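One line per chain: the protein sequences are L and U, in this order. In our numbering, each number is its position in the first sequence, counted from 1, plus 403. In our numbering, each number is its position in the second sequence, counted from 1, plus 3. Glycine is no exception: its CB is placed at the ideal position from the N, C-alpha and C atoms. Bear in mind the structure is a predicted one, so any value in this text is a computation, not a measurement.
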Amino acid sequence: DSGVTQTPKHLITATGQRVTLRCSPRSGDLSVYWYQQSLDQGLQFLIQYYNGEERAKGNILERFSAQQFPDLHSELNLSSLELGDSALYFCASSGIERNSPLHFGNGTRLTVT
Amino acid sequence: GQQVMQIPQYQHVQEGEDFTTYCNSSTTLSNIQWYKQRPGGHPVFLIQLVKSGEVKKQKRLTFQFGEAKKNSSLHITATQTTDVGTYFCAGWGGSNYKLTFGKGTLLTVNP
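Structure (structure tokens):
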């Protein structure tokens, strides 16, 4: 158990809809990362937050947004969903030291129909 | 931007054979991390290498960090079916100092 909690585990929705994915980091971790994993696409970095502030941005679509709240949990919002957004979305957290390893949650599997 | 290439993409071996995956970065890395993702699971941190030329071992797994800190390798001796999964390297570095993952190597082992 990594200590990172992601909800829900599975999400099935229709095109055009909006969903929210939730992540609670490990106790004491200030950084939260979001990754998208599609078949044969590896781990695509979306965005990173550190103690409530956006720290780094990857290949995140404009239809996607995220935030980290004062209690350090994070939410990833995906809107105007398309079939191609179907993927596994991972949240990870890391400690305060630079270069700390990432601890991944179990992921949310999103299926857009 | 920083790119991390990993080869091979897939590797199928017979149980007992050795396995190696290679990681190359377009820029010098501050450190490199290795993760393993079992089928249906999430990536799990294995190890971190920081020093130029560093070699670390975990039982049958040997990790190396290149002298120029731009490449790394993971070698598994005498693979077992429990080694099945995707192995990712990830390096910290680049002008905007971020963690970049390789695309991973999927290892399958025939018993």
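Item                                                                                                                                                             : Value
Which runs of the beta strand (DSSP E), 3 residues or longer, sit entirely within the segment 10-91 of chain U?                                                  : 13-17, 22-28, 32-40, 47-52, 58-61, 64-68, 74-79
Three or more C-beta pairs closer than 8 angstroms, one from the segment 481-488 of chain L and one from the segment 450-460 of chain L: is that the case here?  : no
Taking only beta-carbon atoms, is U:Pro46 less than 8 angstroms away from chain A?                                                                               : Structure shown: chain A not included; protein chains present are L and U.
Could you check how far apart the C-beta atoms of U:Ala93 and U:Gln36 are, in whole angstroms? I think they sit under 8 angstroms.                               : 5 angstroms
For the putative contact between U:Phe66 and U:Leu77, defined by C-beta atoms under 8 angstroms, what is the C-beta separation to the nearest angstrom?          : 6 angstroms
In the DSSP output, what is L:Glu500 paired with across the bridge?                                                                                              : None, per the DSSP bridge assignment.
Determine the DSSP secondary structure at L:Leu513, reduced to helix, strand or coil.                                                                            : strand
Quick check on the burial criterion: 16 or more other C-beta atoms within 10 angstroms. Buried or exposed for U:Lys62?                                           : exposed
Residues in its own chain within less than 6 angstroms of U:Thr89 by CB, not counting five upstream and five downstream?                                         : Gln40, Gly107, Leu109
Could you give the first and the last residue of the continuous beta strand (DSSP E) run that contains L:Ser427?                                                 : 422-427
Would you say U:Lys101 faces chain L, with C-beta separation under 8 angstroms as the test?                                                                      : yes
Can you give me the Cβ contacts of L:Ala530 inside the same chain, cut-off strictly under 7 angstroms, excluding the 5 residues immediately before and after it? : No answer is possible for residue 530 of chain L: it lies beyond the span of chain L, which begins at 404 and ends at 516.
What residues are listed by DSSP as bridge partners for L:Phe472?                                                                                                : Looking at the DSSP assignment, L:Phe472 forms no beta bridge with any residue, so it has no partner.
To the nearest angstrom, how far is the alpha carbon of L:Gln471 from that of U:Gln83?                                                                           : 41 angstroms
Pull up the distance between the alpha-carbon of L:Thr511 and that of U:Ala71, whole angstroms please.                                                           : 38 angstroms
State yes or no: is the C-beta of U:Ser192 within less than 8 angstroms of the C-beta of U:Leu52?                                                                : Outside the displayed span of chain U (4 to 114) sits residue 192 of chain U, for which this structure offers no information.
Take the Cβ of U:Phe81 as the centre, count every other Cβ of all protein chains shown within 10 Å, and call the residue buried at 16 or more, exposed below.    : Note that residue 81 of chain U is Ala in the sequence shown, not Phe. Exposed.
Hey, is U:Gly88's beta-carbon within less than 8 angstroms of any beta-carbon in chain L?                                                                        : no
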